[in-house]
Amino acid sequence: MFKLYNTLTRAKDEFAPIAAPAVGLYTCGPTVYNFAHIGNLRTYVFEDVLRRALARFGFKVKHVMNITDVGHLTSDADTGEDKMELGARREGKTAWDIARFYTEAFTADCRRLNVLAPDVVCKATDHIPEMIALVRRLEEKGVTYRLADGIYFDTSKFPAYGAMARLDIDGLEAGARVEMVEGKRNPTDFALWKFSPKDKQRQMEWDAPWGRGFPGWHIECSAMSMKHLGEQIDIHCGAVDHIAVHHTNEIAQSEAATGKSPWVRWWVHGEFLVLDKGKMAKSGGGFITLDAVIKKGFDPLAYRYFLLQAHYRSQLMFSWEGLEAAANGYRNLRETVLGLKEQLPVASSQLPVGKPATDNCQLTTGNYGERFDDAVADDLNMPRALGTLWEALKDGGLSAAAKLALVAHAEPVLGLGLDRVEAEKPAEVPADVAELAERRAAARKSKDFAAADVLRKELAAKGYEVEDRPGGKWLVKRK
RNA sequence: GGCGGCAUAGCCAAGCGGUAAGGCAAGGGUUUGCAAAACCCUCAUACCCCGGUUCGAAUCCGGGUGCCGCCUCCA
5 MFKLYNTLTR
15 AKDEFAPIAA
25 PAVGLYTCGP
35 TVYNFAHIGN
45 LRTYVFEDVL
55 RRALARFGFK
65 VKHVMNITDV
75 GHLTSDADTG
85 EDKMELGARR
95 EGKTAWDIAR
105 FYTEAFTADC
115 RRLNVLAPDV
125 VCKATDHIPE
135 MIALVRRLEE
145 KGVTYRLADG
155 IYFDTSKFPA
165 YGAMARLDID
175 GLEAGARVEM
185 VEGKRNPTDF
195 ALWKFSPKDK
205 QRQMEWDAPW
215 GRGFPGWHIE
225 CSAMSMKHLG
235 EQIDIHCGAV
245 DHIAVHHTNE
255 IAQSEAATGK
265 SPWVRWWVHG
275 EFLVLDKGKM
285 AKSGGGFITL
295 DAVIKKGFDP
305 LAYRYFLLQA
315 HYRSQLMFSW
325 EGLEAAANGY
335 RNLRETVLGL
345 KEQLPVASSQ
355 LPVGKPATDN
365 CQLTTGNYGE
375 RFDDAVADDL
385 NMPRALGTLW
395 EALKDGGLSA
405 AAKLALVAHA
415 EPVLGLGLDR
425 VEAEKPAEVP
435 ADVAELAERR
445 AAARKSKDFA
455 AADVLRKELA
465 AKGYEVEDRP
475 GGKWLVKRK
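Counting from 5, one number per residue, gives the positions in the first sequence under this note's numbering.
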């Protein structure tokens, strides 16, 4: 039984899709006006784990993710500038170039984190006709109105507005310090279509029945998810910051257009990665990219391991010390797996990925495979799943083969690259370093340890460390 | 001001009424010419504080205190 927390019900409900085993999964993708930071990436890793878990439990997932390349303003209050145009000006390129560049950067980050590519990646700018059609549909339902700067959704025409977010509309109005667009009937109303400004030329604009302009930010997710997944979908993901505005508006426009409810059966939201002095944001300090993590010498998968150690619905505090600890744990995990592989005959040392642990080793793997799956099935409790794996790996009652079978069972869900762990290759070292190491080995062989130690120091001076291995072998590593 | 969440060892973290998973760090030991690795062992009478419910509470309830998030650009 796969239980998944649903923001709609605020409870862990047993997951059941509309047409099992098929599952339609829509995840809110990036706005490609800048690099993703590691907080952004936390959300995509969580969604990846969800997708892998669904596969584990026998579901056939169709995963759709959007790329927001137009219409996302610097303020959700329908004011401010389009982030894409802003990025273009900042970098002296076209908005289209900016979109292409950051989409590629994002895709590369995901690949490095072992995040599976969605089945469909769709760009907002490729779906302008679909968005216009959806706005027309809303118009026919009489829930829109026109202002000087665009077409707006009248949230008072949708009685269930804000239900998922449990918004206190009156409280919102009372505490509103949002600058409001002139003429909005309700503070919560939002733009469906914005007109191009009269005084300047936009790089991205299209003709629509109401006038030349560009789509509001929210409409893209409704239009694209309907196109690729139908008018009702099983799961829609994003991070918690989207609950109050973006997803609330998506629900309003989608359900108002189709008359079908619920539009989304499971809303699943990931929590933020936070810094000791607050959340990670693209503005201000603390904008850490995956590149920065790699430049500090960390394996991107060590960051993935770091994320997996916390539950996706808990805020996770990022610190370099914490990442260091995770990297150590991840390295130990890989070395444990490597050690197990070395204990097996060559032929069977290939990790049979995806093969259930119960296949041949039912009697010997204990119930670890089951416990691992139970943890995953309990609202993606990856910290517990990881704990179970560690417990199994340290269980003296299990054979190396059984442990490897468990690793193979866990890897398709974890995505930590444990299926391609290989012995550390001797580092490429300069000839003089190799020669020193050879001479030291010879000195050791003839028990001239004083000479050996001198040579060790010489190697250290050149920045290399030598480790002796069984059988007279050694390994030279960069310090 | 309104809404929501969280407080568990040096650090991260699970726990969802039945007597504290796991990882990192630390300490001890075995082994090794040295070093590293490996292996073994140790590491919360205790879960922010005060009350209450219960045979029994880290877990439920009430009241504090402290952090954090959203409502404003965020994933």
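C-beta: ideal position from N, C-alpha, C; glycine also.
What did DSSP end up calling residue i once you bin it into helix, strand or coil?
i, result
"C225", "helix"
"T13", "coil"
"N253", "helix"
"Y156", "strand"
"I132", "helix"
"L171", "coil"
"L312", "helix"
"V119", "coil"
"F376", "helix"
"P163", "coil"
"Y149", "strand"
"D452", "coil"
"Y106", "helix"
"D399", "coil"
"D295", "helix"
"F50", "helix"
"D472", "strand"
"K461", "helix"
"W100", "helix"
"G220", "coil"
Expressed to the nearest angstrom, what Euclidean distance is found between the alpha-carbon atoms of residue i and residue j?
i, j, result
"D172", "L277", "26 Å"
"W403", "D423", "A quick correction: the sequence has Ser, not Trp, at residue 403. One C-alpha to the other measures close to 18 Å."
"W270", "L12", "7 Å"
"L320", "Q313", "9 Å"
"E442", "K87", "59 Å"
"T362", "T129", "With a pLDDT of only 43 at T362, under the threshold of 50, the placement of this residue in the model should not be trusted; the figure read from the coordinates follows. C-alpha separation (whole angstroms): 47 Å."
"E462", "A446", "15 Å"
"A351", "V341", "A caution first: A351 carries a pLDDT of 47, below 50, which makes its placement in the model unreliable, though a value can still be read off. Between A351 and V341, the C-alpha separation is close to 16 Å."
"F63", "E395", "28 Å"
"K264", "E235", "8 Å"
"L279", "G326", "11 Å"
"G242", "A330", "25 Å"
"F110", "G400", "43 Å"
"K300", "R104", "27 Å"
"E254", "D203", "30 Å"
"D101", "E89", "11 Å"
Near residue i, what residues of its chain come up, given a Cβ to Cβ distance below 6 Å and the 5 sequence neighbours on each side ignored?
i, result
"I292", "H41, I42"
"R206", "S200"
"F6", "F19, F61, A381"
"W221", "G75, H76"
"D3", "Nothing in the structure corresponds to residue 3, since the chain is present only between 5 and 483."
"K359", "With a pLDDT of only 43 at K359, under 50, the local geometry of the prediction cannot be trusted, and the value read off the model is given with reservation. Around K359: A412."
"E186", "none"
"G215", "F199"
"F310", "L327, A330"
Give a yes or no on whether the C-beta atoms belonging to residue i and residue j are separated by under 8 Å.
i, j, result
"E209", "M135", "no"
"D52", "V119", "yes"
"Y165", "T148", "no"
"L348", "L408", "yes"
"K398", "V437", "no"
"R460", "R473", "no"
"A195", "D82", "yes"
"A454", "R448", "no"
"R308", "G419", "yes"
"V480", "V433", "yes"
"C126", "H240", "no"
"T35", "T72", "yes"
Take residue i and list the residues in its own chain whose beta-carbon comes closer than 8 Å to its own, dropping the five residues that flank it on each side.
i, result
"F162", "V147, A256, E259, A260"
"R317", "Y9, H273, G274, E275, D383"
"F218", "V74, G75, D86, W197, K198, S200, R206, M208, E209, W210"
"N385", "H315, A379"
"V297", "I42, P304, Y307, L327"
Starting from the C-beta of residue i, find all residues in its chain whose C-beta is less than 7 Å away, skip the five residues before and the five after it, and write them out in chain order.
i, result
"G421", "N118, L305"
"E471", "W478, L479, K481"
"R141", "A261"
Kindly examine the ligand ADP and report whether one of its heavy atoms sits closer than 7 Å to the Cβ of residue i.
i, result
"G242", "The model depicted lacks the ligand ADP and carries no ligand whatsoever."
So, do the region 111-119 and the region 152-159 have three or more beta carbon pairs nearer to each other than 8 Å? Too few Cβ pairs lie closer than 8 Å, so no.
Would you check if there are 3 or more beta carbon pairs closer than 8 Å linking the region 43-57 to the region 246-253? Taking 8 Å as the limit for Cβ pairs, the verdict is that the region 246-253 does not touch the region 43-57.
Quick check: the region 54-68 against the region 21-31, are at least 3 beta-carbon pairs closer than 8 Å? Three or more Cβ pairs drawn from the region 21-31 and the region 54-68 lie within less than 8 Å of each other, which places the two stretches in contact.
Is there contact here, the region 369-377 with the region 388-398, by at least three beta-carbon pairs under 8 Å? With the rule of 3 Cβ pairs closer than 8 Å, the region 369-377 counts as touching the region 388-398.
Stretch pair the region 53-62 + the region 92-102: three plus CB contacts closer than 8 Å: Not touching, per the Cβ criterion.
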